[in-house]
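Written below as structure tokens is the structure these notes are about.
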Amino acid sequence: MSKNIHIVPDNGQWSTKVQGVKTPLKTFKTQASAISHGKKIARGLSSELIIHRRNGQIRERNSYGSDPYPPVG
1 MSKNIHIVPD
11 NGQWSTKVQG
21 VKTPLKTFKT
31 QASAISHGKK
41 IARGLSSELI
51 IHRRNGQIRE
61 RNSYGSDPYP
71 PVG
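Under our numbering, think of the first position of the sequence shown as 1, with each following residue one higher.
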């Protein structure tokens with residue numbers, strides 16, 4: 001299973017990180033730039049993109065994997 005990609009605040013900037021890896025993939029001045037980069041990575045890995053707010057709370061989740069449609073259940 002692929003690792004999730006997180007967009008997290010990082011000392012006044014924004015970083016894209018792979019879940020479970022301490023070092024960021026890349027750091028950006030704006031959240032929008034980090035999200036754009038994170039989407040590309042998440043699509044390539046067929047994983048989930050998790051976007052955090054400045055306070056660390058999860059703001060949004062987007063799945064780029066093979067989710068069933070329509071959802072089961």
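The beta-carbon is built from N, C-alpha and C at its ideal position, and this holds for glycine as well. Predicted model only: the values in this text are computed from it and were never measured.
For residue i, the three-state DSSP class (helix, strand or coil)
i, result
"Ser46", "coil"
"Arg54", "coil"
"Lys22", "coil"
"Lys3", "coil"
heavy atom of the ligand GDP below 7 Å from residue i C-beta
i, result
"Gln31", "No copy of the ligand GDP appears in this structure; indeed no ligand is present at all."
Test item: CB-CB of residue i and residue j under 8 Å
i, j, result
"Asn4", "Ser47", "yes"
"Arg54", "Pro9", "yes"
Minimum C-alpha distance to residue i - residue among the options
i, options, result
"Gly38", "Leu45, Thr16, Thr27", "Thr16"
"Thr27", "Gly44, Gln13, Val18, Ile58", "Gln13"
Separation of residue j from residue i, as counted between CA atoms
i, j, result
"Arg61", "His52", "9 Å"
"Ala42", "Tyr64", "6 Å"
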